[in-house]
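For reference, the structure is listed below as structure tokens.
There are 2 protein chains.
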Amino acid sequence: MIDIVNIAPMDIEKESFATITRELGDRQPPEELAPIVKRVIHTTADFDYADTLYFSPGVVEQAKAAIRAGAHIVTDTTMALSGINKKAAARFGCKADCFIADADVAAEAKTRGVTRALVSMEKAARLGEPVIFAIGNAPTALIRIRELMDAGELAPKLVIGVPVGFVNVVASKELIIASGAPCIVARGRKGGSNVAACIVNALLYQLDETRGQ
Amino acid sequence: MIDIVNIAPMDIEKESFATITRELGDRQPPEELAPIVKRVIHTTADFDYADTLYFSPGVVEQAKAAIRAGAHIVTDTTMALSGINKKAAARFGCKADCFIADADVAAEAKTRGVTRALVSMEKAARLGEPVIFAIGNAPTALIRIRELMDAGELAPKLVIGVPVGFVNVVASKELIIASGAPCIVARGRKGGSNVAACIVNALLYQLDETRGQ
Chain A
450 MIDIVNIAPM DIEKESFATI TRELGDRQPP EELAPIVKRV IHTTADFDYA DTLYFSPGVV
510 EQAKAAIRAG AHIVTDTTMA LSGINKKAAA RFGCKADCFI ADADVAAEAK TRGVTRALVS
570 MEKAARLGEP VIFAIGNAPT ALIRIRELMD AGELAPKLVI GVPVGFVNVV ASKELIIASG
630 APCIVARGRK GGSNVAACIV NALLYQLDET RGQ
Chain B
450 MIDIVNIAPM DIEKESFATI TRELGDRQPP EELAPIVKRV IHTTADFDYA DTLYFSPGVV
510 EQAKAAIRAG AHIVTDTTMA LSGINKKAAA RFGCKADCFI ADADVAAEAK TRGVTRALVS
570 MEKAARLGEP VIFAIGNAPT ALIRIRELMD AGELAPKLVI GVPVGFVNVV ASKELIIASG
630 APCIVARGRK GGSNVAACIV NALLYQLDET RGQ
């Protein structure tokens, strides 16, 4: 027999978070970080993230301040952009964009023999706006962010560094951690556009809850 | 020292697949399934999928035939839709859609107290077209697909059943496996919109390679 539980749509997420909390056992994250860690596990069903998520000191408060100030959210994939709750972001005046499919980005990447993700980060840096980067796919995006920081051309409000993969992924994440930028990073190979979007949403929802209190 | 490898964009995927093949060791999937299994691991960096992906007998050939015949690809999330290579799909005359954000779907879900995902599957069934379902989020979508099949109102060409989560996810996938529909299912809790899109793309790319031969 296949056992389907009868549950109202609005209760599914609540029940899921209760299961995650229960199964985390003695690996409960610090209170401030718990909503983010648990939402990533909710998005992936992968408890590895309880151990691999790195948060720079004070990053949650910095991220909240950036959102309240209406920072521009920039992703490296249209899929991450698609997963971000744009209605929740708009409540704080935060626009969300991805430049990877822009014609100018594609043309320049081809000419220079680099990834479109890299060029799309340069485009974001040229905005001259406070930016929250949500990077779920391209290590080259993280590497370029670090280079632009080192050159004094970029000071990100937050870098969500969670690309997934096998080539330069681990190293690119360590570059961001070592940069001193406010960051949330999934150490190791795992991550993804879904994880990047989920972390943005977790931050937005935390602020919404604060408002409701 | 953080070690970044210098690699051309076009070589990153090739190198990643070589790493995956190497690390799979003696867990290599059957030749016909390997491009799908490896692309899912490429998308998630999670080797669990080497064990959890279920393929109904003959499904790859059935899926390819459905694509060649221009089946309508329907997802349960805009994120999965966003991850599907629409250019590759269009080459076979395959449209890709997600009905979850449609106003009529939202209104009906609210009235009936069910998920929008469920109602969006009914909308897909009413198309009366050959449909490939790519479900990466909502167990309720899979459950409704099974119910519509049992009622004789739906005969999907393929069900990609890879929702992620903690409530009814495992059971909903088993319902699809037991239905007899051509299906590719990630058994257990893991999956996601990224995985759903990735399986669609893996099928599309296999057909493109055939064409190139």
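Here the protein sequences line up with chains A and B, keeping their order.
Under this note's numbering, the residue at position 38 of the first sequence is numbered 487, and the numbers go up by one with no gaps.
Under this note's numbering, the residue at position 60 of the second sequence is numbered 509, and the numbers go up by one with no gaps.
Virtual Cβ for every residue (Gly too), placed ideally from N, Cα, C.
This structure is a prediction, so every number in the text was calculated from the model and none was measured.
Exposed or buried, what is residue i when buried is set at 16 or more other beta-carbons lying within 10 Å of its beta-carbon?
i: A:Pro588; result: buried
i: A:Glu455; result: This sequence places Asn at residue 455 of chain A; Glu is not what is there. The residue in question, A:Asn455, is exposed, as its Cβ has fewer than 16 Cβ neighbours within 10 Å.
i: B:Lys544; result: exposed
i: A:Gly562; result: exposed
i: B:Met598; result: buried
i: A:Asp664; result: Because residue 664 of chain A is not part of the residues shown, which for chain A are 450 to 662, the question remains open.
i: B:Arg476; result: exposed
i: B:Leu576; result: exposed
i: B:Gly629; result: exposed
i: A:Lys536; result: exposed
i: A:Pro479; result: exposed
i: B:Arg638; result: buried
Which residue or residues does DSSP assign as beta-bridge partners of residue i?
i: A:Cys547; result: A:Thr524
i: A:Cys632; result: A:Val608
i: B:Val504; result: Here residue 504 of chain B turns out to be Phe, not Val, going by the sequence shown. B:Ile633.
To which residues of the same chain is residue i closer than 7 Å at the C-beta, ignoring the five residues directly before and after it?
i: B:Ala555; result: Arg565
i: A:Ile469; result: Lys487, Ile490 and His491
i: A:Ala494; result: none
i: A:Ile516; result: Phe541, Cys543, Leu652, Leu653 and Leu656
i: B:Arg636; result: Thr501, Tyr503 and Lys622
i: B:Asp497; result: Lys639
In the structure shown, what three-state DSSP assignment does residue i receive?
i: B:Phe541; result: coil
i: A:Ala583; result: strand
i: B:Phe496; result: coil
i: B:Phe615; result: coil
i: A:Thr564; result: coil
i: B:Gln662; result: For B:Gln662, the predicted structure reports a pLDDT of 32, less than 50, and the residue's modelled location is therefore unreliable. The matter cannot be settled from this model.
i: A:Pro458; result: helix
i: A:Leu530; result: helix
i: A:Leu597; result: helix
i: A:Asp452; result: coil
Cutting at 6 Å between CB atoms, please list the residues of its own chain near residue i, excluding the five before and the five after it.
i: B:Val509; result: Glu481
i: A:Pro484; result: Ala651 and Gln655
i: A:Glu602; result: Ala574
i: B:Asn586; result: Asp525, Thr526, Pro612 and Ser642
i: B:Cys647; result: Arg488, Val489 and Thr492
task = Using a Cβ-Cβ cut-off of less than 8 Å, list which residues of the segment 452-474 of chain A approach chain B; keep chain order.
result = Asp452, Ile453, Val454, Ile456, Ala457, Pro458, Ile461, Glu464, Ser465, Thr468 and Ile469
task = Would you list, in chain order, the members of the segment 618-629 of chain A that have their beta-carbon closer than 8 Å to a beta-carbon of chain B?
result = Val618, Ala620, Ser621, Glu623, Leu624 and Ala627
Residues in the segment 488-522 of chain B having any Cβ partner in chain A nearer than 8 Å = His491, Thr492, Thr493, Ala494 and Asp495
request  = Give, in chain order, every residue of the segment 593-619 of chain A whose Cβ lies closer than 8 Å to some Cβ of chain B.
outcome  = Val613, Gly614, Phe615, Val616, Asn617 and Val618
Under 7 Å (Cβ pairs) to chain B, residues found in the segment 522-542 of chain A = Thr527, Met528, Ser531 and Gly532
task = Can you give me, in chain order, the residues of the segment 639-659 of chain A that have a beta carbon less than 8 Å from any beta carbon in chain B?
result = Lys639, Gly640, Gly641, Ser642, Asn643 and Ala646
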